Amino acid sequence: MHTSFTDQLAGLDLAGFSIGSAPLNTSDFPVREAVVQTLEAVWSDLFALVSGTALEADAEDLGWAFVNLFHRSAHRKSTALDRATDEVRALVATADGSEIHTSELETQVERAQCAEAAMLALEEMREIAAGLYLNEFGSSWKPVSSSRFNHGAMLTSALVEGRDFMRARAEAKRRAAMPAGSPVVFAGGRTRHADEADAMTFANNVWATLDKVRDRVPDMVLIHGGDTKGVDRLASSWAERRGIAQVTFSLDMRLGARAGFKRNERMLSLDPRYVVAFPGNGVLERLVIEAKSRRITVVDRRGPLGTSPKAQPV
38 MHTSFTDQLA
48 GLDLAGFSIG
58 SAPLNTSDFP
68 VREAVVQTLE
78 AVWSDLFALV
88 SGTALEADAE
98 DLGWAFVNLF
108 HRSAHRKSTA
118 LDRATDEVRA
128 LVATADGSEI
138 HTSELETQVE
148 RAQCAEAAML
158 ALEEMREIAA
168 GLYLNEFGSS
178 WKPVSSSRFN
188 HGAMLTSALV
198 EGRDFMRARA
208 EAKRRAAMPA
218 GSPVVFAGGR
228 TRHADEADAM
238 TFANNVWATL
248 DKVRDRVPDM
258 VLIHGGDTKG
268 VDRLASSWAE
278 RRGIAQVTFS
288 LDMRLGARAG
298 FKRNERMLSL
308 DPRYVVAFPG
318 NGVLERLVIE
328 AKSRRITVVD
338 RRGPLGTSPK
348 AQPV
């Protein structure tokens with residue numbers, strides 16, 4: 038939709054419009070240091086409150102909901118931004134050069150700029166809270182049914198002219214949905230270990246393998262299935278600790294038995310630099326076979342405790 042609309046705008050004469058600068062700037066929002074201190078204090082007090090009580094078993098659920106407060110607020114601002122952007126689109130398409138029309142366009146661009154600035158501030162708060170969640174529970178925070186976009190480092194739409202505003206908005210959404218970099222697919226299933234020592238060895242092997250891959254692909258974007266109970270959870274936590282962008286492809290359960298194979302197709306369609314494979318089921322085996330047929334390098338760690346199956350036992 039954004040691409041076709043950008044092409045449409047390219048043929049319009051917008052010479053009569055003069056859109057002012059954004060009405061908000063970073064000084065209008067809480068500074069990062071204050072946000073960090075406040076959220077850390079609230080987090081500490083919250084878990085001190087439930088520690089040693091019957092609610093301690095629900096601590097992770099409470100932590101997840103705490104992060105989700107900021108995620109939902111940012112999502113609402115994103116929706117407001119989309120609505121204002123649609124209004125800009127409609128006004129540009131029906132431009133008549135009148136003073137009233139120009140004023141309406143300026144108003145809608147300002148609304149969009151305000152919504153975007155608030156969205157970025159709330160996303161930053163969510164990311165700070167998500168870091169607290171990661172430190173507390175050792176896993177990456179993940180929303181239930183939506184993406185965890187982070188537009189903060191992306192191109193924003195705080196520009197001064199209608200056509201450029203729309204182009205920038207489309208580009209910001211695209212880059213947030215698929216971060217720039219070299220895709221690396223990570224795959225593995227749910228594993229059981231004999232004891233805690235084996236589980237720790239397996240987790241260390243996952244992180245060590247991903248560290249080696251990152252050394253070869255500094256701009257890597259981690260692609261995985263987003264399973265919060267399997268090895269994907271370890272990979273997701275590694276990515277967040279290392280500041281690596283990640284994109285998850287959840288199973289489409291409407292496809293039944295074909296869901297896993299369809300996910301394989303979607304991940305391989307990104308033309309990844311590597312496929313990193315840990316122990317899994319037949320769907321993962323098919324992913325490895327298909328990757329090799331496409332001449333994609335497979336980092337095979339399907340041996341005992343996440344080691345190379347070619348490694349000789351000592």
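All residue numbers for the sequence shown refer to this note's numbering, where the first residue is 38 and numbers rise by one. Don't be surprised by glycine CBs; every beta carbon is placed ideally from N, CA and C. Predicted model, so just to flag it, every value in this text is computed and none were measured.
Pairwise C-beta distances place the region 260-275 in contact with the region 212-229, as three or more of them are shorter than 8 Å.
Cβ-Cβ separation between F84 and A102: approximately 13 Å, too far for a contact (criterion under 8 Å). With the rule of 3 Cβ pairs closer than 8 Å, the region 103-112 counts as touching the region 152-170. When C-beta atoms of the region 70-77 are compared with those of the region 164-177, three or more pairs fall below 8 Å, so the two segments count as touching.
Shown here, S88 sits in coil according to DSSP, grouped into three states, outside any helix or strand.
A111 and T334 have their C-alpha atoms roughly 38 Å apart. Between F286 and the set G297, E277, A121 and R278, the nearest pair of CA atoms involves G297. Assigned with DSSP and collapsed to three states, D119 falls in helix. Per DSSP, L247 is one residue of the alpha helix (DSSP H) stretching across E233 to R253. A residue is called buried once 16 or more other Cβ atoms fall within 10 Å of its Cβ, and G134, having fewer, is exposed. The beta-carbon separation of E277 and L171, rounded to 6 Å, stays under the 8 Å limit for a contact.
In this structure, DSSP gives S110 a helical state, which the three-state scheme calls helix. In this structure, L169 and E77 form a Cβ contact; the two beta carbons are roughly 7 Å apart against a cut-off of 8 Å. As computed with DSSP, H261 is found in a beta bridge with T285. Secondary structure at T344: coil, using DSSP grouped into helix, strand and coil. For F223, the enclosing beta strand (DSSP E) starts and ends at S219 to A224.
Where A149 is concerned, the enclosing alpha helix (DSSP H) starts and stops at E136 to F174. The alpha-carbon separation between A91 and D264 amounts to approximately 28 Å.
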